[in-house]
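Asker:
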Amino acid sequence: MKALLGWLDQRTGYRSLVKEALFESVPGGARWRYVWGSTLTFAIVMQFITGIILWMFYSPSSQTAWESVYYIQEEVPGGWLLRGIHHWTAQVMTVLLLLHLLQVVIDGAYRAPRELNFWFGMGLLGITLAMSLTGYLLPWDQKGYWATKVATNLTGGVPFIGDYLQRVVVGGVDYGHHTLTRFFALHAGVLPFLLIALIAAHVYLFRRHGITVKMPKKGPDAYFWPDQVLKDAVACLAVLATVLVFVFWQHGAHLSAPANPAEQFSAARPDWYFMFLFQLLKYFPGDQEILGIAAPIWGSVIVPGALFAAFMALPFVGALKWRVPVFKCRLGDFCSVVFLILCIIGFIFLTSVAFYHDRYDPEHAPHFLAAVEQAERDAARVKTLVAENDGIPPEGALALLRNDPHTQGPRLFKANCASCHTYGGENGMGELVEDPTAADLKGFASREWLTEFLSPEHIATAKYWGNTKFVNPDEGERVSKMVNFVLDDVSEFGDVEKRLLEELIIGLSAEAKLPAQAEADAEAADIVAQLPELLGEDGLACTDCHHFQGEGRRPDLTGYGSREWTIDFIKDPSHKRFYGDRNDRMPSYGPMGEKPAKLSDRDIELIVDWLRAVPLPTPSGH
Amino acid sequence: MDTTPPPENVPETSESEPDRREFLQKAACVALGGAATLVPVGAGVTVLVSPVFEESAGGLLVRLTAVEALQPKGAPQLFKVVAERKDGWTRHPLTEIGSVFVQRVGEGEAVEDFQVFNASCPHLGCAVEYLAEEGNFSCPCHSSTFASTGEVLNPDSPSPRGLDSLRVEIREGDLWVEYLNFKANIKQKLPVA
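Top to bottom, those sequences are chains A and B.
Note that the working numbering has the first sequence beginning at 1, numbered continuously upward.
Note that the working numbering has the second sequence beginning at 1, numbered continuously upward.
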């Protein structure tokens, strides 16, 4: 072994290299305050290892990016752990960078002759933030998509070249395949290359100038190995432990619903370390100008740019040698530290305001939190759909959501039905509806729904027909016979008729063939078979008015509440099979002669399938 | 080089104490540093080698054609094998997953009247062609030739075995095949999926 190493050393000279690396002098001995550089190196090594393996699974295109990340997160054994480490190390790295910067400024390591290395460090900070920004988009989920869209729109505000710059970054005028391939090439190619080059220069210069010793020295001089290395190793382990706590807490990293350009995600926010910039933008109203330049340019380009420039100028500020009387330190150090403290206060303040506004502002927070909850619901739903489908269709996961009644039904209901109808008192998306003018459709045609509808206590309430003209007719029209029947006749029903009504409800509800009632319908098969008699003269004489299996008039009760019946009804409630000219204000959503349909057949199907389905349990809040 | 004073509870400082402390320090560096690196490396390697532990799906029974469509004692015909396939995260409803040569060797409609070969060469997996004039199969990559019955023809063929025949079934007048791929470049015929 020794001979082999000797052979290798003769040819490479590795021993002197190792010696130089390990036996660097640490004047005053090892100290905890020197660990930050090493922890950052460790974090970068972790990112390279995990990143390269993630690379082997990731597929950058708009139909496969979310899908491949989903696959890593949910299906590859240990994939969640790997992705989690990569994600959370990136977060921790940002903190470590700030700590490193803090230590460098406080210890005066940014001053001559180390200016250049300080600038390299600022460059590394910039590259790391760029890595975070590009990485945020790669999962192509709602969160990353909408947040990054904001960021790239900001590049469009750069004076003179903004438009071109934005097109180059986005890979065209709009987001798509090319945005992902570009961001991925930046994230996994260009930026890591720059990072390595700059780190090499950074470490080289660091070694050239030696450590900036914090005075007073705490002990006799020592070497980097093993004293400082041990402290570094402990610190790295602590970094890892922190990362793992988050990874296990979140079971990897969060993945929201697949990016959907048609589905605004109003809770899109950048990662937490960019929130201060996000908040800063709000103080620059779009209709104002400062010194002839539009205010938003100030907020997005000039102010952050000036801040960065101020940081770059720190080495010159630090060179000021006069002494500050009270604090007994150099003026340069005093200014730098005060500047840094102000920056930290500003950072913490803006970040807190942004987070507070989103979560607690009485006007804004409900919308934000509702959007977050909706995105969580979609994210959970798409995972269920992928599992049910045993995979994702070639056109992507979005296709699953687009075709899912549970996802689209409530949205279509809110957009098209909720101006009159309600669903459990809400608009389908969890928001209360104040003054509904038509029936609540949650559980439509179920036994419970029909029982209430046919009861004198309920039919004339807002939940059913209370606000329709069946109860409150226009002048010259009469109250609907149906309403009179329920209010006058049903209220005087004796025991026998009450039992007949109960059985009729069971039978009529079975016409709907509701999936949730299938078992109960089958159990009541005897009663269901009696429906024609129950509706007829020997029963409650519904067919005096209603149509049923070829007898009577309208509205047709054959297949009442079934999928086909409900679809046809929505397409044209004024059809003679339904309300005819007695229809209240319900529009026809299908094609009417020359007029094109208000809703496509598929959209109507989605609404109906959702109405007829058992509601999904609402996910527990976050 | 050791700079810290020895802890108080150690009764006496022997000559070798600083050495031992330094050794322990170095050992701790290696152990802690190793532990810290092991986690990302371990997670990475686990994920990297995960395909090794994927369970093979076994043969896939696929309908090829109606028996009537094949001429009795006709020449081998190339058929695409179309089946549902899961590729990573994607579920393809119906997609082309390979191809087979089908020949109706007999006159009847029994299983033994049909001969189906996987179209990939048992040598290294190139797609084999059927040369009608010669009446045999030939691999364009390394010039193996196979008789219409599947055996290796040329003595200098690099292929270690003849074409891989596949099991067929007749169902209601249709020809079905159990589609399988086999491990290349070995004498035995071992299924890989």
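Glycine is no exception: its CB is placed at the ideal position from the N, C-alpha and C atoms.
Among all the DSSP beta bridges, which residues are the ones paired with A/Ile290?
Answerer: A/Ile290 pairs with A/Ile293.
Asker: Quick one: is B/Val39 near chain A, going by C-beta distance under 9 Å?
Answerer: Yes - at least one Cβ of chain A is within 9 Å of the one on B/Val39.
Asker: Anything in the segment 47-71 of chain B with a Cβ closer than 8 Å to a Cβ of chain A? List those residues in chain order, please.
Answerer: Within the segment 47-71 of chain B, the residues whose Cβ lies closer than 8 Å to some Cβ of chain A are Val47, Leu48, Ser50 and Phe53, listed in chain order.
Asker: Taking beta-carbon pairs under 9 Å, can you tell me which members of the segment 89-100 of chain B lie near chain A?
Answerer: Within the segment 89-100 of chain B, the qualifying residues are Trp89, Thr90, Arg91, His92, Pro93 and Thr95.
Asker: Cβ of A/Ile607 within 9 Å of Cβ of A/Gly590?
Answerer: No.
Asker: Could you spell out the range, first to last residue, of the alpha helix (DSSP H) harbouring A/Ala235?
Answerer: Unbroken alpha helix (DSSP H) run through A/Ala235: Val229 to Trp249.
Asker: Strictly below 7 Å CB to CB, what residues from chain A border B/Lys80?
Answerer: Those within 7 Å of B/Lys80 in chain A number zero; the least Cβ separation is about 18 Å.
Asker: Scan the segment 19-30 of chain B for residues whose Cβ lies nearer than 8 Å to a Cβ of chain A and list them as they occur along the chain.
Answerer: For the segment 19-30 of chain B, which is checked against every Cβ of chain A, the residues closer than 8 Å are Glu22, Gln25, Lys26, Ala28 and Cys29.
Asker: Counting only the same chain and skipping the five closest in sequence on each side, list residues whose C-beta sits under 6 Å from that of B/Arg167.
Answerer: Same-chain partners within the cutoff: Glu178.
Asker: Using a Cβ-Cβ distance cut-off of 9 Å, determine whether A/Ala233 contacts chain B.
Answerer: Output row for A/Ala233: interface = yes.
Asker: What are the residues in the segment 79-97 of chain A lying within 7 Å of chain B by C-beta distance?
Answerer: Flagged, chain order: Gly79, Leu81, Leu82 and Ile85.
Asker: For A/Glu67, go through chain B and note every residue whose CB falls closer than 9 Å to its CB, in chain order.
Answerer: Within chain B, the residues near A/Glu67 are Gly88, Trp89 and Thr90.
Asker: Please state the DSSP three-state secondary structure of A/Thr64.
Answerer: If DSSP states are grouped into helix, strand and coil, A/Thr64 belongs with coil.
Asker: Going along chain B in order, which residues have a C-beta closer than 7 Å to the C-beta of A/Tyr70?
Answerer: Within 7 Å Cβ-Cβ: Trp89.
Asker: Count Cβ pairs between the segment 23-30 of chain A and the segment 210-220 of chain A that sit closer than 8 Å; are there 3 or more?
Answerer: Output reads yes: the segment 210-220 of chain A touches the segment 23-30 of chain A.
Asker: If you follow the beta strand (DSSP E) that B/Ser138 is part of, which residue opens it and which one closes it?
Answerer: Element bounds for B/Ser138: Asn136 to Ser138.
Asker: Check the Cβ of B/Ala36 against every Cβ in chain A and list those closer than 7 Å, keeping chain order.
Answerer: By Cβ distance, chain A contributes Phe42, Ala233, Cys236, Leu237 and Leu240.
Asker: Give a yes or no on whether the C-beta atoms belonging to A/Pro587 and A/Pro573 are separated by under 9 Å.
Answerer: Contact: yes.
Asker: Could you give the residue range of the alpha helix (DSSP H) that holds A/Ala525?
Answerer: Ala525 to Ala529 is the span of the alpha helix (DSSP H), which, as asked, contains A/Ala525.
Asker: If you check the beta carbons only, do A/Ile211 and A/Tyr356 fall under 9 Å apart?
Answerer: No, the pair does not count as a contact, with Cβ atoms beyond the cut-off.
Asker: Are A/Leu97 and A/Val239 close, meaning C-beta to C-beta below 9 Å?
Answerer: No. Outside cutoff.
Asker: Assuming the contact rule is C-beta atoms closer than 8 Å, B/Glu127 and B/Ser138 should be a hit. Round their C-beta distance to whole Å, please.
Answerer: Per the sequence shown, residue 127 of chain B should be read as Ala rather than Glu. Not really, about 11 Å apart at Cβ, beyond 8 Å.
Asker: With a threshold of 9 Å between beta-carbons, can B/Gln83 be considered close to chain A, or not?
Answerer: Per the sequence shown, residue 83 of chain B should be read as Ala rather than Gln. By this cut-off, B/Ala83 is not an interface position.
Asker: Who are the Cβ neighbours of A/Gly6 in its own chain at under 8 Å, not counting the five residues just before and after it?
Answerer: No residues qualify anywhere along the chain.
Asker: Which same chain residues, not among the five before or five after A/Asp440, have their C-beta less than 6 Å away from its C-beta?
Answerer: Cβ neighbours of A/Asp440 beyond the five flanking positions: Thr422 and Lys463.
Asker: With contact counted as at least three CB pairs below 8 Å, one residue from each stretch, are the segment 74-94 of chain B and the segment 64-76 of chain A in contact?
Answerer: Yes, the segment 74-94 of chain B is in contact with the segment 64-76 of chain A.
Asker: Which word fits A/Thr566, buried or exposed, when buried means at least 16 other C-beta atoms lie within 10 angstroms of its C-beta?
Answerer: So A/Thr566 counts as buried.
Asker: Taking B/Leu163 as the reference, which of B/Val67, B/Gly108, B/Asp174 and B/Ile186 has the closest Cα?
Answerer: Taking only the C-alpha atoms, the option nearest B/Leu163 is B/Ile186.
Asker: Tell me, please, whether the segment 76-93 of chain A touches the segment 36-50 of chain A by the rule of three or more beta-carbon pairs shorter than 8 Å.
Answerer: Contact holds: three or more Cβ-Cβ distances are below 8 Å.
Asker: For the candidate residues A/Thr407, A/Cys542 and A/Pro270, whose alpha-carbon lies nearest to that of A/Tyr136?
Answerer: When only C-alpha atoms are compared, the closest one is A/Pro270.
Asker: Taking C-beta pairs closer than 7 Å, name the residues in chain A that B/Leu32 reaches, listed in chain order.
Answerer: Within 7 Å Cβ-Cβ: Ala233, Val234 and Leu237.
Asker: Whose C-beta lies closer than 8 Å to the C-beta of A/His251 among residues of the same chain, with five residues either side of it excluded?
Answerer: Trp80 and Gly84, listed in sequence order.
Asker: Under 9 Å between C-beta atoms, does A/Pro555 make it to chain B?
Answerer: A/Pro555 does not count as touching chain B.
Asker: Any beta carbon from chain A within less than 9 Å of B/Thr4's own beta carbon?
Answerer: With a pLDDT of only 47 at B/Thr4, under the threshold of 50, the placement of this residue in the model should not be trusted; the figure read from the coordinates follows. Chain A, which has a Cβ nearer than 9 Å to the Cβ of B/Thr4, makes this yes.
Asker: Going along chain B, which residues have a C-beta under 9 Å from A/Asp390?
Answerer: Correct list: Lys86 and Arg91.
Asker: Which of the three DSSP states is assigned to A/Pro619 in this structure?
Answerer: For A/Pro619, the predicted model reports a pLDDT of 49, less than 50, meaning its position is unreliable and no value from the coordinates is stated.
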